[in-house]
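A.B. asks:
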Amino acid sequence: PVPPFRIMRAVMWAKSRGATMATAARARARGVSSLIDVECHPIHDPEYIAKCRDQMHQNSGLLHLRSFLKSEGIATLQREAEEASHQAFSSEESHNTYLDQDDPSFSPTHPRNQQQRSSKRLVAFDQLRFDSKLRELYRCPLFKTFVQGVLGLPTMFESADPMNAVHLNYFGIQDRLGWHFDNSEFFVNLLLKKASGGGEFEFAHDTRTDDDPNYAIVQQVLSESSDLTHTVTPSSGSLLVFRGRYSMHRVKPVTDGERITAILTYEQQPGVMMNDYTRRKFFGRGLSEARV
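Laid out in structure tokens, this is it:
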């Protein structure tokens, strides 16, 4: 039999290790507490992560956390965005919902080919200051662990792309994102500044699968005759985590003021880069022109 003093020592060691790990987690939380309201959103807490994961599942693949950023964090990241805005590239394009080449076997009015308009201005990751708080948040191990846990991913990596890893989106009057499916499995979006009018986020849950493009349902959404559409109006400082590969979504036109978002790109595999076509559409530059 194991001597009682050894059992007691093992119990004390386990308690001590647990307390040490909890203290370390709280210390890491304090590291981002200048941006994130960790009192309301304890991203270091496994129970809170599980709660957010359940909320995302119950809410059709969308996690919407209001007041994720503190007022000081909003002010800091808004200031960074405003300072970087003079570098923004104006992107305006016409595209179909599937973000792919049009299919000539269908008519131009078929839901496979119907054109959507998207317009915005973008600042790429390589244009952010090296001491940027947004960069710091993106690379924060605690924040990454939170996102990975919410999504239930076995692995998650920072994007290898020098432009797309993090980018800022600026929406002025009549700027919008047309209906589309994402090529990636999910996105992480921080709303830094809410527009005074318009700019709502809309999505239609599970409108396609890998095997079925579901043209009939897509047509209903495009013609605004579907009851699958949900509207979300996040406030400045909100965090959105969304699975957009199978759920079409859009940002409605801004009608007053300006909408600014930060998109944080994580991948399930290491070394992932965006394709050159999308890079030039988003940032107006090729990979060889990235600033390192």
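Residue 186 in the numbering used here sits at position 195 of the sequence shown, with consecutive numbering throughout. The beta carbon of each residue, even a glycine, is placed where N, CA and C say it ideally should be.
For T198, count neighbouring Cβ atoms within 10 angstroms of its own Cβ and tell me buried if that reaches 16, exposed if not.
C.D. replies: buried
A.B. asks: Is the segment 173 to 183 close to the segment 206 to 214, with three or more CB pairs under 8 Å?
C.D. replies: no
A.B. asks: Do D166 and P225 have their C-beta atoms closer together than 8 Å?
C.D. replies: No, the pair does not count as a contact, with Cβ atoms beyond the cut-off.
A.B. asks: In whole angstroms, what is the alpha-carbon distance linking P204 and D122?
C.D. replies: If you draw a straight line from the Cα of P204 to the Cα of D122, it is about 43 Å long.
A.B. asks: What's the call for E63, buried or exposed, on a 16-neighbour Cβ count within 10 Å?
C.D. replies: exposed
A.B. asks: When you compare only the Cα positions, how much space is there between R130 and R57?
C.D. replies: 22 Å
A.B. asks: How many angstroms separate the CA atom of T252 from the CA atom of F273?
C.D. replies: Looking at the backbone, the Cα of T252 and that of F273 are separated by about 14 Å.
A.B. asks: With burial defined as no fewer than 16 other Cβ atoms inside 10 Å of the residue's Cβ, what is the status of P102: buried or exposed?
C.D. replies: buried
A.B. asks: Please work out which residues of its chain come closer than 7 Å, Cβ to Cβ, to F134, disregarding the five sequence neighbours upstream and downstream, and give them in chain order.
C.D. replies: V23, I34, L128
A.B. asks: What is the residue span of the alpha helix (DSSP H) that I254 lies within?
C.D. replies: Unbroken run through I254 is the beta strand (DSSP E), 250 to 255; no alpha helix (DSSP H).
A.B. asks: Which term fits E38, buried or exposed, when burial requires 16 or more other beta carbons within 10 angstroms of its beta carbon?
C.D. replies: Exposed.
A.B. asks: Do you know how far the Cα of H240 is from the Cα of K184?
C.D. replies: 20 Å
A.B. asks: Does the distance from the CB of D152 to the CB of M264 come in under 8 Å?
C.D. replies: yes
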